[in-house]
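Heads up: the sequence shown begins at 1 in this note's numbering, then just goes up one per residue.
Every residue, glycine too, gets a C-beta built ideally from N, C-alpha and C.
Structure first, commentary second.
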Amino acid sequence: MSRAAEERPSKVAVDALLADLAPLPVRARAMFGGYGLYMEDVFFGIVTSEGEVYFRTDDATRPEYEVAGMRPFQPNNRPSGPKAMPRNFQVPPHVREDQATLRDWAARAATARR
């Protein structure tokens, strides 16, 4: 991996996130300049090229994100199709700052109803 790739905001963010989520069985796969997050082969989150983190939601969990003022993921440079991915919401800062809460929200994202 090049030094530039190692210093991308998404790489720095995903490395820190994986450390915070341990010991959950989370892995990241590079995609579109960012990363997809998987737990036991279930896609549940996104780390954008800017290092922002989004988790999958469902009707039970989405209100917690909305109350915190978070918005759904909106891909950059998407010429066609939906402008936002309404099931994936940005993780609130207070959740990112508390490892136990972050692990709980990640586990719920991985089991969010489809």
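Assignment of beta strand (DSSP E) within the segment 15 to 78, counting only whole runs of 3 or more residues, yields 26 to 31, 34 to 39, 42 to 47, 53 to 56 in chain order.
Here arginine 108 carries a helix assignment [DSSP, helix/strand/coil]. In the three-state scheme derived from DSSP, where H, G and I count as helix and E and B as strand, proline 9 is classed as helix. Looking at the backbone, the Cα of serine 10 and that of proline 23 are separated by about 21 Å. In the DSSP assignment, arginine 113 falls outside any beta strand (DSSP E) and carries neither an H nor an E.
Closest in C-alpha terms to alanine 107, from the list Asp15, Gly33, Asp58, Ala13, comes Asp58. Comparing alpha carbon positions, the residue from Phe73, Tyr38, His94 closest to valine 26 is Tyr38.
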